[in-house]
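Asks: Before anything else, here's the structure in question.
As structure tokens, this is what we get:
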């Protein structure tokens, strides 16, 4: 990620932090007010009547006042608990958001274990594995570059994948659970789409030089509809290991019980066998 991108992210993080602090202050003030009301209710319930009275009517009045004070105390306690649950939920969300990011570096860059930083040269920051990449004939293919293939990326929050779509091939619906994808078309015409959590499809036709962003975690796909020309594209990720969950492989090649898939997709057993066939182990 560029320094400019890092600055933008830091600014957003600062805004989020200020929003969270403002919310916590409001909750704190509300909780303090509720506790003060609770103290007032306790004091009210202990105060004797200004005009002592006797008899059934007086007893009924006192019982009603005590019951009302108790109900108010109970409502106050419920509001306090609700406020504290909100605070806990916000804290948990903050923790999860921190853990979802790449680990923060405390040095200029990541140094592999057992390596003396003074011995590192420019070769450590160079990756040549994309030079001769090509997809197999008649197929879609990709070459990812994550911190696994390129250790210098560790902790830098960036990764790339080179993609090639032979004519009439596609990258099936999938997600990246740990990073947003920014796709740049190097050559050809590519149809892409993503689906949001409201089940709305966003589709576009991209040409050489176009960009399309796939937000983190959303299902998306790409397809080359040309019967003659291949397409090449480069995807950048906001993570050094964004991960990929391919829906066809995960659904039909992971061993999910057939009864679950038959019921979920409303298909026959024969149709399910056809869907599972590409993912069956070769004997």
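Residue numbers (the numbering used here): 34 to 316.
We treat Cβ as the ideally placed atom computed from N, Cα and C, and that holds for glycine.
Check each candidate in 208, 266 and 271 and name the one with the smallest Cα separation from residue 198.
Replies: Cα-wise, what sits closest to residue 198 is 266.
Asks: Under 8 Å by Cβ, that's how I've got residue 240 and residue 222 pegged, so tell me the actual separation to the nearest angstrom.
Replies: Rounded, the Cβ-Cβ distance is 5 Å, consistent with contact.
Asks: Output needed for residue 251: all residues of its chain with C-beta closer than 8 Å, excluding positions within five of it in sequence on either side, in chain order.
Replies: Only 208, 227, 228, 229 and 230 meet the Cβ criterion.
Asks: Who are the near neighbours of residue 245 in its chain, counting only those whose CB is closer than 7 Å to its CB and skipping five residues on each side?
Replies: Result list for residue 245: 216, 225, 237 and 239, in chain order.
Asks: Between which two residues does the alpha helix (DSSP H) harbouring residue 296 extend?
Replies: It spans 291–298 - the alpha helix (DSSP H) in which residue 296 sits, taken as one unbroken run.
Asks: Can you list, in chain order, the residues of its chain with a C-beta nearer than 6 Å to that of residue 166? Leave out the 5 residues immediately preceding and following it.
Replies: Correct list, in chain order: 176 and 195.
Asks: Could you check what DSSP says for residue 214 in three-state terms: helix, strand or coil?
Replies: Strand.
Asks: Should residue 142 and residue 189 be called a contact, given that it needs their Cβ atoms to be closer than 9 Å?
Replies: Taking 9 Å as the Cβ cut-off, residue 142 and residue 189 qualify as a contacting pair.
Asks: Taking Cβ positions, are residue 259 and residue 170 nearer each other than 9 Å?
Replies: The answer is no: Cβ separation not under 9 Å.
Asks: From residue 261 to residue 277, what distance separates their C-alpha atoms?
Replies: Cα to Cα, residue 261 sits roughly 28 Å from residue 277.
Asks: Runs of 3 residues minimum, wholly inside the stretch 197–248: which ones carry the beta strand (DSSP E) assignment?
Replies: Fully enclosed beta strand (DSSP E) runs of 3 or longer: 203–208, 214–220, 223–228, 234–239 and 244–247.
Asks: Could you tell me the alpha carbon to alpha carbon distance between residue 203 and residue 147, rounded to whole angstroms?
Replies: Residue 203 and residue 147: Cα-Cα distance of roughly 42 Å.
Asks: Looking at residue 220: is its Cβ nearer than 9 Å to the Cβ of residue 264?
Replies: Their beta carbons are under 9 Å apart, which means residue 220 touches residue 264 by this criterion.
Asks: Apart from the five residues on each side of it in sequence, which residues of its chain come closer than 6 Å, Cβ to Cβ, to residue 206?
Replies: If we look at residue 206 and ignore the five residues flanking it on each side, its Cβ neighbours are 252, 254 and 280.
Asks: Compute the Euclidean distance between the alpha carbons of residue 243 and residue 307, then round it to the nearest angstrom.
Replies: Going by the C-alpha atoms only, they are around 36 Å apart.
Asks: What is the DSSP secondary structure of residue 279, counted as helix, strand or coil?
Replies: Strand at residue 279.
Asks: Would you tell me roughly how many angstroms separate the C-alpha atoms of residue 131 and residue 172, rounded to the nearest one?
Replies: For residue 131, the predicted model reports a pLDDT of 45, less than 50, meaning its position is unreliable; a value from the coordinates is still stated below. Taking the straight line joining both Cα atoms gives about 38 Å.
Asks: For residue 152, count neighbouring C-beta atoms within 10 Å of its own C-beta (all shown protein chains included) and say buried if the count is 16 or more, exposed if not.
Replies: With fewer than 16 other Cβ atoms within 10 Å, it is exposed.
Asks: For residue 174, write down the residues that DSSP places opposite it in a beta bridge.
Replies: 197, per the DSSP bridge assignment.
Asks: In the DSSP assignment, find the unbroken beta strand (DSSP E) run with residue 305 in it and report its ends.
Replies: Run containing residue 305: none in the beta strand (DSSP E); it sits in the alpha helix (DSSP H), 302–309.
Asks: Specify the secondary structure class of residue 270 as computed by DSSP and reduced to three states.
Replies: It is a strand residue.
Asks: Given 8 Å as the limit, tell me if residue 152 has its C-beta closer than that to any heavy atom belonging to the ligand ATP.
Replies: This structure lacks the ligand ATP; in fact it carries no ligand of any kind.
Asks: Between the C-alpha atoms of residue 297 and residue 282, what's the straight-line distance to the nearest angstrom?
Replies: Cα to Cα, residue 297 sits roughly 16 Å from residue 282.
Asks: So the candidates are 303, 269 and 181; which of them puts its Cα closest to the Cα of residue 214?
Replies: Considering only alpha carbons, the answer is 269.
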